[in-house]
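Novice:
Residue numbers (the working numbering): -7 to 607.
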């Protein structure tokens, strides 16, 4: 009987491995950037076209490779980063341990140009689907240029799995930012479709954070520093007043490697206890240095999760370090609420020397003198001025006229009686009642209806916004002074994507820059104070990605804005507002559920009430 188990060909094995290594274009960007960092490059350029589907190119000025290494790097499990199995537990490098390049070459058209500093000529290699097509010497600068074209060209199902260009570009920007923030000593440049997205020169940690997330980030940062035997912590945390609802600006770096850790995030939230609003997330950029033998990074394929030897000690140190920084820079509240700031010693008094107080003596003071000094005799030649005509003189003689007018009588107006006096008109009965500032109760023919005011208002606003975006344009109101809002580069890309839908709602954009936007007009139903809240909620909802079709985008925008602008639980509504809300709710197409598929009201019949009282 013939054997049924056989070895797979290399190109098939590489395609299977690519499923673990390369999930999307952002995975390729991460691997190529980390390889460039490991090659000791000081200047790295990233070029993207069509969100990585057409081209991903990384150019560095690192060590480069010779001819043998250039061919060998595309073989499976061929790597320069480890030699023994024990090296996995003391890693100082990044990358996927020898599988990445082989997997990338199996599912794309790869072009490699590399040259070492001591060599006169470099090597130019072209690979198409694991097949070497061209290898020739070439005149090249020092370093390596890695081009990945037509990603997933031989796996159509995987290519169809990719989301819209905007969403995939957001993932690429995330990976780029993580590598750039971890290595501020390296200059990074990023281009997308021919335009420059990032230009990050060599700097320290704080300028790098400011260059990535915009100039307004500098005033939000509070430095954190702690040195112990277990861990060395340095970095920055954001002030509580600048906390957002989304978790976009939260970075942990362990030994210059970006990680995700819910346990360490809980330590940060514990340090901010009592300083944040409900649902707010602080920003932090924290760099942790631990001995490599105390961590294990091989517990997840993406290498973004780390197992620490002593997590509890690390939790306590991180929490206390952040809490100490917040208190040191007067971010945390002090216990003395009666403290007078006028009593604080100014800094300029530090250099001054103490001075003895001077004694001033009033030599003219006589303790035996009379308390009341003698008044000097003066001659008063005072003459009382004549009275000038006052305002009372205007009314002289009016008393006589009053007596005369009192003798004149006027005929009274005719009294016309009516069958229905105003006082006797039947007042309209109150149709709605608000309970606990949360529910609205209204009687119906069969019983009563209990409406959740927040969900009902969400449904009303949702259908209104959706109609404005899909059917006709909403009216706008011009602002006297344009409103300028600051966002990160990633957030600006999201706003550019949804700009058309927002304009249909009534927003008017003057200009959109790399880290800010100027709004000159708003929808009539939105106030100026609500704009920042609306945009924060929109960016939070779009952080996880939205489908490329216009319907899903408009739907998500309408849901987010309805959630932001809906009347909150605990808000008092007048009788007229209650009536309007009830009438508008039942005028909707789907009044039964909110935009988030939760019931908006319940009904109780008279029979149900009778059953309650029959118990």
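Yeah, the Cβ is synthetic: ideal placement off N, Cα and C, and Gly gets one too.
So the alpha helix (DSSP H) residue 19 belongs to, where does it begin and stop?
Specialist: Note, residue 19: alpha helix (DSSP H), 17 to 30.
Novice: Are residue 269 and residue 478 close, meaning C-beta to C-beta below 8 angstroms?
Specialist: For residue 269 and residue 478, no; Cβs fall outside 8 angstroms.
Novice: Report the three-state DSSP secondary structure of residue 524 (helix, strand or coil).
Specialist: Of the three classes helix, strand and coil, the one that applies to residue 524 here is helix, per DSSP.
Novice: Which of the three DSSP states, helix, strand or coil, is assigned to residue 615?
Specialist: The question about residue 615 has no answer, for the chain in this structure spans -7 to 607.
Novice: From residue 455 to residue 550, what distance separates their C-alpha atoms?
Specialist: Each residue's alpha carbon lies about 8 angstroms from the other.
Novice: How long is the line joining the alpha carbons of residue 31 and residue 55, rounded to whole angstroms?
Specialist: Approximately 5 angstroms between the Cα atoms of the pair.
Novice: In the DSSP assignment, the beta strand (DSSP E) including residue 130 goes from what residue to what residue?
Specialist: Unbroken beta strand (DSSP E) run through residue 130: 123 to 130.
Novice: Taking the C-alpha atoms as reference points, what is the distance between residue 538 and residue 110?
Specialist: Note on residue 538: pLDDT 46, under 50, position unreliable in the model; the coordinate value appears next. Straight-line Cα distance between these residues: approximately 49 angstroms.
Novice: Suppose the cutoff is 8 angstroms on Cβ atoms and the five residues either side in sequence are ignored; what does the same chain contact list for residue 547 look like?
Specialist: Only 458 meet the Cβ criterion.
Novice: Rounded to whole angstroms, what is the Cα-Cα separation between residue 466 and residue 511?
Specialist: Those two C-alpha atoms are separated by around 16 angstroms.
Novice: Round the Cβ separation of residue 17 and residue 160 to the nearest angstrom and send it over; I've been treating them as touching at under 8 angstroms.
Specialist: About 6 angstroms separates the two Cβ atoms, so the contact holds.
Novice: Please determine if the stretch 36 to 48 and the stretch 56 to 65 are in contact, where contact requires at least 3 C-beta pairs separated by less than 8 angstroms.
Specialist: In short, these stretches do not touch, since the Cβ pair count stays below three.
Novice: In whole angstroms, give me the CA-to-CA distance for residue 198 and residue 229.
Specialist: Roughly 11 angstroms between the two C-alpha positions.
Novice: Looking at residue 522 and residue 557, is the spacing between their C-beta atoms short of 8 angstroms?
Specialist: It is a contact, given that the beta carbons lie within the stated cut-off.
Novice: I'd like the list of long-range same chain contacts for residue 165, defined as Cβ closer than 6 angstroms, with 5 residues on each side in sequence excluded.
Specialist: Counting only Cβ-Cβ distances below 6 angstroms, and skipping sequence neighbours, we find 482.
Novice: Could you check which residue in 170, 321, 222 and 567 has the C-alpha nearest to that of residue 25?
Specialist: Closest option to residue 25, Cα to Cα, is 170.
Novice: Let me know the alpha helix (DSSP H) ranges lying completely inside the stretch 151 to 177, each 4 residues or longer, listed in chain order.
Specialist: List check, alpha helix (DSSP H) in window: 157 to 174.
Novice: In the DSSP assignment, find the alpha helix (DSSP H) that holds residue 254 and state where it starts and stops.
Specialist: Where residue 254 is concerned, the enclosing alpha helix (DSSP H) stretches over 254 to 263.
Novice: In the structure shown, what three-state DSSP assignment does residue 487 receive?
Specialist: In the structure shown, residue 487 sits in a helix (DSSP, three-state: H, G or I).
Novice: Could you tell me which residues DSSP puts in a beta bridge with residue 205?
Specialist: The partner list for residue 205 (beta bridge, DSSP) is empty, contrary to what the question assumes.
Novice: Use the C-beta contact count for residue 609: other C-beta atoms within 10 angstroms, 16 or more gives buried, fewer gives exposed.
Specialist: Because the chain here runs from -7 to 607, residue 609 falls outside it and cannot be looked at.
Novice: For the alpha helix (DSSP H) that residue 179 lies in, which residues bound it at each end?
Specialist: Taken as a continuous stretch (DSSP letters only), residue 179 belongs to no alpha helix (DSSP H), being part of the beta strand (DSSP E) at 179 to 184.
Novice: Quick one, which of 124, 216, 115 and 527 has its alpha-carbon nearest residue 611's?
Specialist: Nothing in the structure corresponds to residue 611, since the chain is present only between -7 and 607.
Novice: Grab the span of the beta strand (DSSP E) containing residue 230 for me, first residue to last.
Specialist: That run of the beta strand (DSSP E) goes 224 to 230.
Novice: Run the CB neighbour count on residue 28, radius 10 Å, all protein chains shown included, and call it buried at 16 or more, exposed below.
Specialist: Burial call: buried.
Novice: Using only the alpha-carbon positions, how far apart do residue 621 and residue 249 sit?
Specialist: Lying before the first or after the last residue shown, residue 621 is absent from the chain, which here runs from -7 to 607.
Novice: Quick test of your reading: residue 104 and residue 138, contact by CB under 8 angstroms. State the CB separation rounded to the nearest angstrom.
Specialist: About 6 angstroms separates the two Cβ atoms, so the contact holds.
Novice: Residue 2: beta carbon under 7 angstroms from a heavy atom of the ligand ZN?
Specialist: Among the components modelled here there is no ligand, and therefore nothing to report on the ligand ZN.
Novice: I think residue 176 touches residue 232, with their Cβ atoms under 8 angstroms apart; what is that distance to the nearest whole Å?
Specialist: At roughly 26 angstroms, the Cβ-Cβ gap does not stay under 8 angstroms, so residue 176 and residue 232 are not in contact.
Novice: Give the DSSP bridge partners of residue 595, in chain order.
Specialist: DSSP output for residue 595 lists 441 as bridge partner(s).
Novice: Tell me the DSSP secondary structure of residue 435 in three-state form.
Specialist: Three-state DSSP puts residue 435 in a strand.
Novice: Roughly how many angstroms lie between the CA atoms of residue 441 and residue 580, to the nearest whole one?
Specialist: If you take the alpha carbons of residue 441 and residue 580, they lie about 16 angstroms apart.
Novice: How would you call residue -4, buried or exposed, if buried means at least 16 neighbouring beta carbons within 10 angstroms?
Specialist: Answer is exposed; the Cβ neighbour count stays below 16.
Novice: Look at the alpha carbon of residue 598 and the alpha carbon of residue 544, and state the distance between them as a whole number of angstroms.
Specialist: Taking the straight line from one Cα to the other gives about 42 angstroms.
Novice: List the endpoints of the continuous alpha helix (DSSP H) containing residue 315.
Specialist: Its alpha helix (DSSP H) spans residues 303 to 320.
Novice: Are the beta-carbon atoms belonging to residue 528 and residue 236 less than 8 angstroms from one another?
Specialist: Contact flag set, yes.
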